[in-house]
Amino acid sequence: MKKMNLLNHFGKWTDERPVFLIGIFNCQPQSAPHKVFAGEGNIKDADHFFDTNVNEDPREIDWILYKRKGEMLKYEEIDFNVNGANPSDHKPIFVALRIID
Numbered sequence: 014m015k016k017m018n019l020l021n022h023f024g025k026w027t028d029e030r031p032v033f034l035i036g037i038f039n040c041q042p043q044s045a046p047h048k049v050f051a052g053e054g055n056i057k058d059a060d061h062f063f064d065t066n067v068n069e070d071p072r073e074i075d076w077i078l079y080k081r082k083g084e085m086l087k088y089e090e091i092d093f094n095v096n097g098a099n100p101s102d103h104k105p106i107f108v109a110l111r112i113i114d
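So in my numbering, spot 24 of the sequence shown is number 37, and the numbers just go up one at a time.
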């Protein structure tokens, strides 16, 4: 979390910049690791990320988190396979997000 917070204002950026944290975390929303980054439910502060999983599906184990004001336009878990074979045990997540100044 300390490293992620350093990215908010590095270089010539004076305003907080958009920061995304994307990964295969292998733990569910509201788990201890998720709470480190996203906080407790609706209680948000400047240090926490917003979760793109707007449905708050408790089965989700991969996340796309973001900092800065944004509007979620689309969230989709991609169900891709070739002849029934999936390329991974994780489904890709697609998000469209509008950054609001």
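We put the beta carbon where it would ideally sit given N, CA and C, even for glycine.
These numbers come from a predicted model, not from an experiment.
> Around the Cβ of P100, are there at least 16 other Cβ atoms within 10 angstroms (buried) or fewer (exposed)?
Replying inline: exposed
> Do you know whose CA, among M17, Q41, V95, lies nearest F62's CA?
Replying inline: M17
>> How far does the alpha helix (DSSP H) with L19 in it extend, from its first residue to its last?
In response: 15–19
> Alpha carbon to alpha carbon, what distance is there between N66 and F33?
Replying inline: 13 Å
>> Can you list, in chain order, the residues of its chain with a C-beta nearer than 8 Å to that of H47? Leave out the 5 residues immediately preceding and following it.
In response: Cβ within range, chain order: F38, C40, Q41, D64, W76.
> Exposed or buried, which one is F107 when buried takes at least 16 other CB atoms within 10 Å?
Replying inline: exposed
> Can you name, in chain order, every residue of its own chain whose Cβ lies under 6 Å from the Cβ of G52, other than the five neighbours on each side?
Replying inline: Apart from sequence neighbours up to five positions away, the residues of its chain that approach G52 with a beta-carbon distance below 6 Å are H61, ordered along the chain.
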